[in-house]
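Under this note's numbering, think of the first position of the sequence shown as 3, with each following residue one higher.
Written below as structure tokens is the structure these notes are about.
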Amino acid sequence: MTTVQTLSSLPLTSLEPRLRHLLPADLYALAWMDQSPQNLERVFEHLRTLQRMLVDYVPRQLSDNPPAPGRVRRAWTQGALMFTDLSGFTPLMEANALRGQAGAETLLGVLNQYFAQMIELVSKSGGEILEFTGDAMLAQFPPTPNGDETAQAVRAGLRMQRAMRNFQNIETDIGPFTLGMRVGIHTGRYLTADIGTPRRMEHILLGQTVQHTKQAEGAGAVHRVNLTMDAYEAVRDTFHFEQGEPGYMLVVDDLSDDDLGTYELGAFKRRKRSGGILMDRSVGGLLNEITDMLDRVEPLAAFLPAPILNQLVESTSDRTIPPRFPTPTVVFVNLLGLPEAVDMAPANSINRIVKTFSHTFARINAAVEARGGVLKKVTYHLTCLLYTS
């Protein structure tokens, strides 16, 4: 006699809606057709790896305390912000784009080396990377008990500029290239917010402080650390300076290696990661572990655009997304007035402003997704990037 198992009796039936977008296609099919303990364990192991990868894709405050998908929240923060941008990256990219996949691999190697060094230096200096936009980075240095977050940011910038010496002569198959970097720092008050829908969330910073930080980078010089006057006033007695563009001061790097050091005391903060140790490999135990891992993964996954999340899911076993040179159409959308309004609005209006921004973001993202695009990098409240193939 043939036994037919009903859907309701299959172990993964109740979890399937949550799993369908978080499992690679081959594992999804395998686990659905054969819901054995061995395959359930494969599902758990995949989700554990995905969770660890997602932790590295979002800022620390999100990975440590993610909001429920769709929950809008906000908080004022006082601290130092750093914006960096590379000089010389465009020629390197354009030259390698002509070489197809080989060029993509070369460019990936350079970027991995660059970002690995910069991320490590920011982290050791007490900072946290918030966003990447191409070859640019936005980092924050939260308030410290003794109020030296701006000094930490300056020391981080000096360490990063010294590390850029490793990129002054990049040897490639098509000749040498040189990369330089500009660093801009501003200190002030800004609003952090998690906005969007359960399907697509975004972590953003609002306020003039973010804008001033970006402007400090643009007004700076390659190989130098450029400060706004607010940042300068916070550290004027700690470092030496020379006049930069009007309204800015350039840090003079006259510190010895010992005086500058390589890290800040107390700056090492390990990210929270799931233990993910299986103690019970029965079907019931595995389902409990899978459910717990989904509870960890889903809030973080909501902060990635669906196409990017899908690439990450499909490449989890390799722990990397393969490099390639797409041919996108890029559209910049400038939102005027609303992001800056938080600086001037009364306290009882902030929630309404953030919710309005959240609704605007959700509508724009929906329009982009409906047309096959990807909405990225909303924070600088100057631009939203749309990629369509």
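Ideal Cβ placement from N, Cα and C applies to all residues, glycine included.
On the DSSP letters alone, give me the boundaries of the beta strand (DSSP E) that residue i sits inside.
| i | result |
| --- | --- |
| THR86 | 75-89 |
| VAL185 | 182-199 |
| PHE243 | 242-245 |
| ARG298 | From DSSP, ARG298 is part of no beta strand (DSSP E) but of the alpha helix (DSSP H) over 285-303. |
| GLN142 | 138-143 |
Does residue i pass the burial test, meaning 16 or more other C-beta atoms within 10 Å, or should it be called exposed?
| i | result |
| --- | --- |
| PRO334 | The question names Pro, but residue 334 in the sequence shown is Phe. Its Cβ having fewer than 16 others within 10 Å, PHE334 is exposed. |
| VAL254 | exposed |
| GLY268 | exposed |
| ALA195 | buried |
| VAL212 | buried |
| ARG75 | exposed |
| LEU25 | buried |
| HIS242 | exposed |
| PRO19 | exposed |
| GLN53 | buried |
| PRO341 | buried |
Can you tell me where the alpha helix (DSSP H) holding residue i begins and where it ends?
| i | result |
| --- | --- |
| ILE352 | 352-372 |
| TYR59 | Note, TYR59: premise wrong, no alpha helix (DSSP H); not H, not E. |
| THR211 | 210-220 |
| THR152 | 151-165 |
| LEU311 | 308-316 |
| GLU107 | 102-126 |
| LEU21 | 18-21 |
| GLU235 | 231-237 |
| TYR30 | 27-35 |
Tell me which same chain residues have a C-beta within less than 7 Å of the C-beta of residue i, skipping the five on either side of it?
| i | result |
| --- | --- |
| PRO301 | PRO68, PRO69, ALA70 and PRO71 |
| PRO200 | PRO71, GLY72 and ALA304 |
| PRO13 | GLN37, LEU42, VAL285 and LEU289 |
| GLN245 | MET251 |
| ALA233 | ALA82, THR152, ILE187, HIS188 and THR189 |
| ILE206 | ALA195, ILE197, VAL380 and THR381 |
| LYS357 | VAL74 |
Looking at C-alpha atoms only, which residue of the options is the closest neighbour of residue i?
| i | options | result |
| --- | --- | --- |
| PHE363 | ILE292, PRO325, PRO307 and PRO61 | PRO307 |
| SER319 | VAL45, LEU17, ARG22 and ALA33 | VAL45 |
| ALA219 | LEU109, ARG283, TYR30 and ALA141 | A quick correction: the sequence has Glu, not Ala, at residue 219. Measuring from the Cα of GLU219, the nearest candidate turns out to be ALA141. |
| VAL344 | HIS23, ASP58, THR79 and LEU29 | THR79 |
| VAL299 | ASN336, THR51 and LEU160 | THR51 |
| ALA27 | PRO147, GLN313, ASN350 and HIS214 | GLN313 |
In chain order, what residues of the same chain lie with their CB nearer than 6 Å to the CB of residue i, ignoring the 5 residues before and after it?
| i | result |
| --- | --- |
| GLU371 | none |
| SER317 | ILE323 |
| VAL224 | SER89, GLY182 and ARG184 |
| GLN119 | ALA165 |
| SER391 | Residue placement at SER391 is flagged as unreliable, the pLDDT there being 48, under the threshold of 50; the coordinate-derived value follows with that caveat. Result list for SER391: empty, nothing under 6 Å. |
| ARG354 | none |
For residue i, which residues from the same chain have a beta carbon less than 8 Å from its beta carbon, with the 5 sequence-adjacent residues on both sides left out?
| i | result |
| --- | --- |
| LEU393 | No information on residue 393 is available, as it lies outside the stretch 3 to 391 that the chain covers here. |
| PRO39 | ARG283, SER284, VAL285 and LEU288 |
With 8 Å as the threshold, decide whether the Cβ of residue i is near any Cβ in chain E.
| i | result |
| --- | --- |
| LEU140 | Going by chain labels, chain E is absent from the structure shown, which holds only one protein chain. |
Worksheet entry | Inter-stretch contact at 8 Å, needing at least 3 Cβ pairs: the segment 81-94 / the segment 134-149 | yes
Worksheet item: Would you call the segment 166-173 and the segment 144-153 in contact, with 3 or more CB pairs under 8 Å?
Response: no
Item to complete: Pair every Cβ in the segment 225-245 with every Cβ in the segment 184-193, then say whether three or more of these pairs are closer than 8 Å.
Response: Short answer: they touch.
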